[in-house]
Structures are given as structure tokens and as C-alpha cells.
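Structure first, commentary second.
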Amino acid sequence: MGKYDQIKEQLIAEKNRIEERLKETDRYGLDETMSFSTGELSQYDNHPADTATDTYERGKDIALYEHVHQELEDVELALQKIENRTYGICEVSGKEIPLERLQALPTARTVIEYSKENEIARERPVEEDVLENFDKFNFDNNYRETEFDAEDAWQSVAQFNDNSMVFEDSSLNSSEELIGYVEELDAFASTDITGYKGDENIEIVRNVHYDHYMDQLDRLEASDEKE
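Note that the sequence shown ends on residue 209 in the working numbering; no numbers are left out.
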């Protein structure tokens, strides 16, 4: 009786089990289109929540199928190595894998020191390439605060706006923090309780924000004259 005969029988049994599982689940229905499986002629209907549920379930089926399919590939590779007499050899160090490890995990390809389970993933989500820029916005320019207020939200999103703003020297392009308002005009232009009814009912509050805004316009005019 060979050294790995018992493990080979275990691998064959596992291979049959996985193939039977894929057969019973009909490949998790992935051979059918989403419209066919849900019975909907179109995914553009009046029930987006239902479509979201169907999409989630389809994504889950894909993940389950990929997991089971990977298990099958690992088992088939182990059986192939037994036939080639390379089974039980670490793919990294070339050392012999302990029999106890193979009995516990027949698809093991390395000794425990080089196992992927011992590695800490260093990859970061691709979304962080965008999100990392948000940290420059903080609560009212106070580095001790960790809040993310309305102005911060507007600034962080507006930085991706390809359209030109209301005026060239928009407050969104300024390094100064917007406190209590989103657009710079909001800091000194206001209407009464009835809301906007035309330019004639807008009141201008002569405050520090108004002075700052006028100084910006003066600087723009001066630079235009020089050009």
C-alpha cells in the first residue's frame, strides 16, 4: 500500500462530492440569463428594489460557484501530483510536507510556513484611490475634530465636477474651509421666509464673508487688467 493511497481515496471521494454538488445545483443557475431566472422580460421596471435583490442573489451565486470550482481545481491538482509522484512536495521550499498536514488538508501545496493562510493581505480596495483624498476636509478646519459636516461633503464631491462653477474663483477651489454654508454666496445673501421671488428681494449681509468675497472679485479684476 502506497504512502498516499488513503489520501488519494479521500481526494477522489471529495472530487465526486463536489461534482455531484455542481450537478445538483445546476451550476447555481449561472447558465441562464438573469431575466430568464427571474421571469422578467426587462430589468428596467417599476421595482428597482426587486432588481437589486435579484442582482445580490446572482452575485452570491457567482461567489459560491467560484468557491466550489476552486475547491475542485485544488483536488484535481492534488490527484495529478499523486500520479506524477510530486505530491507532498512544497511548491515554495521544495521540502517534504508533513504527512499529518496532508491528512488534515489533502490539497495542501506548501509547508505550513509558506501557507497563504498565514499571509496578511496587503492589497487595499481600489475605492481608496479616490477616498483617500477626502481626509483633507475636516470639521471647520480643526484637525482635532473627526466630524464630516455638510460643507465637507459638498467639497469632497465637487472636486470631481468637470463643469465650470458659477464664477472662476469659486470657494470650492479655495483652500479655506467653508463654515456654515456650501457656496460662498450663501454666507451673505439671504431671503425672507417666503423664499426667492426675484433679485429685488435678496438681502446682502455685510459680514466677513461678504468682505472676503469682494476682495476675491477685486483680485480677479486686477489680474484681468494686467493680462
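Each residue gets a CB set at the ideal place from its N, CA and C atoms; glycine is no exception.
Contact defined as beta carbons within less than 8 Å: I believe residue i pairs with residue j. What is the distance between those atoms, to the nearest angstrom?
i	j	result
D43	Y10	4 Å
A60	L(-7)	5 Å
N183	T173	6 Å
E48	I0	Going by Cβ atoms, the distance from E48 to I0 rounds to 13 Å, so no, they are not a contact pair.
Under the three-state reduction of DSSP, which class applies to residue i: helix, strand or coil?
i	result
S205	helix
I64	helix
R3	helix
R91	coil
S153	Only weak support is given to the placement of S153: the predicted model assigns it a pLDDT of 44, under 50, and the value that follows is read from those uncertain coordinates. Here S153 sits in helix by DSSP.
T33	helix
K210	Since the first residue of the chain shown is -17 and the last is 209, residue 210 is not available in this structure.
G41	helix
V108	coil
K98	helix
K(-15)	coil
E166	helix
Could you name the residues that DSSP lists as bridge partners for residue i?
i	result
A171	I186
E14	E14 pairs with nothing; no bridge assigned.
E78	I71
Using a Cβ-Cβ cutoff of less than 7 Å, which residues in the same chain neighbour residue i once the five nearest sequence positions on both sides are dropped?
i	result
L215	In the structure as shown, the chain begins at -17 and stops at 209. Residue 215 is therefore absent and cannot be evaluated.
I(-11)	L84, Q85, P88
V93	C72, S75, K77, I79
S152	In this prediction, S152 has a pLDDT of 46, which is less than 50 and means its spatial position is unreliable; what the coordinates show is noted afterwards. Within the same chain, S152 has no close Cβ partners at all.
A90	I79, R83, L84
Y192	F170, I186
L46	Y10
So, at 6 Å on beta carbons, what are the nonlocal neighbours of residue i in its own chain, with the 5 sequence-adjacent residues on each side left out?
i	result
V187	F170
E185	S172
Y195	E166
I'd like the list of long-range same chain contacts for residue i, defined as Cβ closer than 8 Å, with 5 residues on each side in sequence excluded.
i	result
E58	K(-3)
Y(-14)	I64, Y69, G70, L84
Could you check whether the Cβ of residue i sits closer than 8 Å to any Cβ belonging to chain D?
i	result
K(-10)	As a matter of chain content, chain D is missing from the structure shown, which is built from one protein chain.
Quick one: does the C-beta of residue i sit closer than 7 Å to a heavy atom of the ligand FAD?
i	result
N189	Looking for the ligand FAD in the displayed structure turns up nothing, as the structure carries no ligands at all.
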